[in-house]
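To start, the structure itself, in structure tokens.
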Amino acid sequence: MINVKPLIYKELSKIATNVTDTYPADWETFPVVIYLEEENKPHEWLDNGVEETTYLRYKVDIFDKESTSNIAVEVDKVFSSLGLKRTMAQDMPDPSNLRHKVMRFEGIYDPDTNIVYQYRMEG
């Protein structure tokens, strides 16, 4: 198993001051960027049972008083720079009247080469 969450936090903190991987304690500083590791599982194993590649998927929730579009573009740049591909970005209705966007990023990480591969996506 690999842990790239510290790197993700470091990079997201360069574009927003209120970044967390839990429920935010601060709802006064916007934008709020919440990133969660949804999956971190073996993708391929060597014959000896050692994990060779790892499938990673992250969910990002962005909340802002105004549009989330500008920060979403920056979040996309962060994950793209790490080799993770955006598989979804959607505006969500929110009862708090804040703007809310959900994004997902995924890839298959090879720790021997530090390369992130992608599934072939059709359509």
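Be aware that the sequence shown starts at 5, since it is given in the numbering used here, and climbs by one per residue. Think of the CB as a built atom: it goes at the ideal place given N, C-alpha and C, for glycine as much as any other residue.
Residue i (DSSP reduced to helix, strand or coil)
{"i": "leucine 60", "result": "strand"}
{"i": "phenylalanine 83", "result": "helix"}
{"i": "glutamate 70", "result": "coil"}
{"i": "isoleucine 75", "result": "helix"}
{"i": "phenylalanine 109", "result": "strand"}
{"i": "tryptophan 31", "result": "coil"}
Proximal residues to residue i (C-beta, below 8 Å), its chain only, five neighbours per side dropped
{"i": "alanine 76", "result": "Ile66, Ala93, Lys105 and Met107"}
N- and C-terminal bounds of the alpha helix (DSSP H) containing residue i
{"i": "tyrosine 13", "result": "9 to 16"}
Rounded Cβ spacing between residue i and residue j (contact assumed at less than 8 Å)
{"i": "tyrosine 62", "j": "glutamate 41", "result": "6 Å"}
{"i": "leucine 11", "j": "valine 79", "result": "14 Å between Cβ atoms; not a contact."}
Element boundaries [beta strand (DSSP E), containing residue i]
{"i": "threonine 117", "result": "Careful: threonine 117 lies outside any beta strand (DSSP E) and carries neither H nor E."}
{"i": "glutamine 94", "result": "89 to 96"}
{"i": "isoleucine 6", "result": "Premise fails: isoleucine 6 is in no beta strand (DSSP E) and is neither H nor E."}
{"i": "isoleucine 38", "result": "36 to 49"}
{"i": "valine 23", "result": "22 to 24"}
Contact the segment 109 to 122 vs the segment 83 to 92: 3+ CB pairs below 8 Å
yes
Kindly confirm or deny that the segment 51 to 59 and the segment 24 to 41 touch, where touching means at least three C-beta pairs closer than 8 Å.
no
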